[in-house]
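Chains A and B are the protein sequences, given in the same order. Here the first sequence stands for residues 14 to 129, numbered as in the working numbering. Here the second sequence stands for residues 2 to 112, numbered as in the working numbering. Built from N, CA and C at the ideal position, the CB exists for glycine as well. Written out below as structure tokens is the structure these notes cover.
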Amino acid sequence: GAGVSQSPRYKVAKRGQDVALRCDPISGHVSLFWYQQALGQGPEFLTYFQNEAQLDKSGLPSDRFFAERPEGSVSTLKIQRTQQEDSAVYLCASRRFRDGYTDTQYFGPGTRLTVL
Amino acid sequence: KQEVTQIPAALSVPEGENLVLNCSFTDSAIYNLQWFRQDPGKGLTSLLLIQSSQREQTSGRLNASLDKSSGRSTLYIAASQPGDSATYLCAGPQGAQKLVFGQGTRLTINP
Chain A
14 GAGVSQSPRY KVAKRGQDVA LRCDPISGHV SLFWYQQALG QGPEFLTYFQ NEAQLDKSGL
74 PSDRFFAERP EGSVSTLKIQ RTQQEDSAVY LCASRRFRDG YTDTQYFGPG TRLTVL
Chain B
2 KQEVTQIPAA LSVPEGENLV LNCSFTDSAI YNLQWFRQDP GKGLTSLLLI QSSQREQTSG
62 RLNASLDKSS GRSTLYIAAS QPGDSATYLC AGPQGAQKLV FGQGTRLTIN P
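What follows is the structure, encoded as structure tokens:
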């Protein structure tokens, strides 16, 4: 079946622009995660949804970052007034069940954001 | 708070060698640990998930172990092949949801 898809795959933004990154999770997956991966580093957690509810947004770096999943499937990560330090790969992952005790997360290919 | 560390950051070995990648974590109350593979420009692919009740998991030429008491996990790759070249990441949970990743080990297998 289809995996997690993300669009766009690459995004170049001028400093100060707003961007929106889209994630299409695996159909029927309850949980959805966003991670930020800097060059040469492991992914870092940003936020987590269970269906349409955003249950954890403790990893969002600032109030310029906003995520939503209004119908419990597709999710959008929005970054307002982008800064150079926002340049990174943004990874989306989905998981079939509510908890991760026995279930893995399935990752999309990521969106590489470059802020000039 | 869970912290995950991977050593070495990079490793280069000749084809055919057996090798071990190391991962350490700070929260011994971990209920599972996962190993992922990441190819350049790609997302992460789950390789093995070891539950806390298990000591190891095997998939083909890969074997992962988990020692909660010492806060360590290892990924053993047997008879390495050039196609194994990638970055390998381990991740432990923090709470029931988010994953905390190590920095990764960039592995190169030389033909």
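List, from N- to C-terminal side, the beta strand (DSSP E) runs of 3 residues or more that fit wholly inside the region 38-89 of chain B.
List check, beta strand (DSSP E) in window: 45-52, 57-60, 63-68, 73-78.
For the region 56-87 of chain B, list every residue whose C-beta sits within 8 Å of some C-beta in chain A, in sequence order.
Listed by position, the residues of the region 56-87 of chain B near chain A (Cβ gap below 8 Å) amount to none.
Tell me, please, whether the region 94-105 of chain B touches the region 100-113 of chain A by the rule of three or more beta-carbon pairs shorter than 8 Å.
Counting Cβ pairs under 8 Å, three or more are found: they touch.
Quick check on DSSP: helix, strand or coil for residue 93 of chain A?
Reduced to three states, the DSSP call for residue 93 of chain A is coil.
Distance check for residue 83 of chain A and residue 44 of chain A, CA to CA, integer angstroms please.
Answer to the nearest angstrom: the Cα atoms are 13 Å apart.
Reducing DSSP to helix, strand and coil, say where residue 16 of chain B ends up.
It is coil, neither helix nor strand.
Our contact map puts residue 28 of chain A next to residue 97 of chain A with C-beta atoms below 8 Å; I'd like the distance itself, whole angstroms only.
Contact flag correct, Cβ pair sits at about 6 Å.
Taking DSSP as the reference, what is the three-state secondary structure of residue 37 of chain A?
Reduced to three states, the DSSP call for residue 37 of chain A is strand.
Taking the beta carbon of residue 22 of chain B as the centre, do at least 16 other beta carbons fall within 10 Å, making it buried, or is it exposed?
By the neighbour-count rule (16 or more Cβ atoms within 10 Å), residue 22 of chain B is buried.
Under the assumption that residue 76 of chain B contacts residue 63 of chain B (Cβ atoms under 8 Å), give the Cβ distance between them as a whole number of angstroms.
At roughly 7 Å, the Cβ-Cβ gap stays under 8 Å, so residue 76 of chain B and residue 63 of chain B are in contact.
I need the straight-line Cα distance from residue 61 of chain B to residue 76 of chain A, nearest angstrom please.
Cα-Cα distance, rounded: 45 Å.
Could you pull the start and end residues of the beta strand (DSSP E) that residue 29 of chain B belongs to?
Unbroken run through residue 29 of chain B: none, as it is neither H nor E.
Given this structure, state the Cα-to-Cα distance separating residue 89 of chain A from residue 48 of chain A, to the nearest angstrom.
Their backbone Cα atoms lie some 13 Å apart in a straight line.
Locate the beta strand (DSSP E) running through residue 101 of chain A, then write down its first and last residues.
Counting along the chain, the beta strand (DSSP E) containing residue 101 of chain A begins and ends at 101-108.
Closest Cβ-Cβ distance between residue 17 of chain B and chain A: below 9 Å?
Chain A, which has no Cβ nearer than 9 Å to the Cβ of residue 17 of chain B, makes this no.
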